[in-house]
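The sequence shown begins at 67 in the numbering used here and counts up one residue at a time.
Glycine is no exception: its CB is placed at the ideal position from the N, C-alpha and C atoms.
Since the structure comes first, as structure tokens, the remarks are kept for the end.
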Amino acid sequence: MIAAAMVAMLAIQASSAQSSTARAFELTASAGPSKVIGITGDNLNWGYTAGGALDFRIPDTRFGLRAEASYSSYNFRAGKSLVSDAKFSDLGLNLDLVSWAAEESGSDLRPYITLGPSISRLTSSSTIASSSYAETHAGFNVGLGVDKPIGALALRFDVRFRQLSLNGDTFKAIPITVGLQF
């Protein structure tokens with residue numbers, strides 16, 4: 067399903083691809099708040115996410131690939147865990163197809179959409195209870211964002227939806243990040 071969506075995204079936008087002034091490779095460091103939604107989110111407070119990305123933009127097109135690594139951390143809501151210091155974390159990787167919108171003359175904003183597979187190591191731990199639990203799960207992510215060049219650097223604003231398949235359930239998170247691209 068993800069592969070079909072990626073191919074459809076390429077087919078829809080291939081006819082209007084334009085030349086880009088963006089560099090072929092770009093690194094981004096980003097951070098921001100993250101919210102887990104659904105059943106798992108009922109037990110967790112807002113958390114934070116931090117990560118990095120490497121973009122490869124295919125020359126003379128609006129398409130590229132993005133490899134990302136991120137770490138997110140959440141505290142359990144009061145009364146939702148037997149121990150007061152229980153934490154939940156997500157250490158993940160994404161490999162995304164990225165499609166930047168056609169560049170408008172007079173605008174230096176570069177909006178994009180992104181879609182691809184995800185894999186994460188989900189961990190729940192407590193130092194008081196001396197316990198830890200971890201599992202690795204696969205899923206997908208989809209998002210929207212915008213890059214704004216500022217000299218040799220650029221600012222990035224990105225909103226994602228990530229869903230991982232669990233044993234009979236799903237883990238869903240919405241990280242909202244601001245990054246510096248160089």
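C-alpha gap between residue i and residue j, whole angstroms
i: residue 233; j: residue 201; result: 10 angstroms
i: residue 172; j: residue 219; result: 19 angstroms
i: residue 106; j: residue 213; result: 31 angstroms
i: residue 110; j: residue 235; result: 16 angstroms
i: residue 248; j: residue 242; result: 20 angstroms
i: residue 180; j: residue 194; result: 40 angstroms
i: residue 245; j: residue 209; result: 15 angstroms
i: residue 128; j: residue 174; result: 14 angstroms
Beta-carbon gap between residue i and residue j smaller than 8 angstroms
i: residue 190; j: residue 154; result: yes
i: residue 119; j: residue 94; result: yes
Residue nearest to residue i in terms of C-alpha spacing, selected from the options
i: residue 169; options: 126, 194, 136, 142; result: 126
i: residue 226; options: 219, 178, 220, 140; result: 178
i: residue 161; options: 221, 222, 100, 135; result: 135
i: residue 102; options: 231, 197, 113, 94; result: 113
i: residue 152; options: 198, 92, 128; result: 198
i: residue 211; options: 91, 96, 89, 90; result: 96
i: residue 100; options: 142, 244, 248, 240; result: 240
i: residue 192; options: 223, 217, 141; result: 141
As assigned by DSSP and simplified to three states, the class of residue i
i: residue 127; result: coil
i: residue 78; result: In this prediction, residue 78 scores a pLDDT of 44, lower than 50, which makes its location untrustworthy; no coordinate-derived value is stated.
i: residue 221; result: strand
i: residue 216; result: strand
i: residue 107; result: helix
i: residue 163; result: strand
i: residue 205; result: strand
Cutoff 7 angstroms; reference residue i; Cβ partners in own chain excluding five residues on either side
i: residue 157; result: 137, 186, 187
i: residue 104; result: 236, 238
i: residue 231; result: 203, 204, 205
i: residue 143; result: 109, 110, 111
Own chain residues within Cβ distance below 6 angstroms of residue i, not counting five before or after
i: residue 207; result: 160, 184, 226, 228
i: residue 130; result: 121, 122, 123, 124, 164
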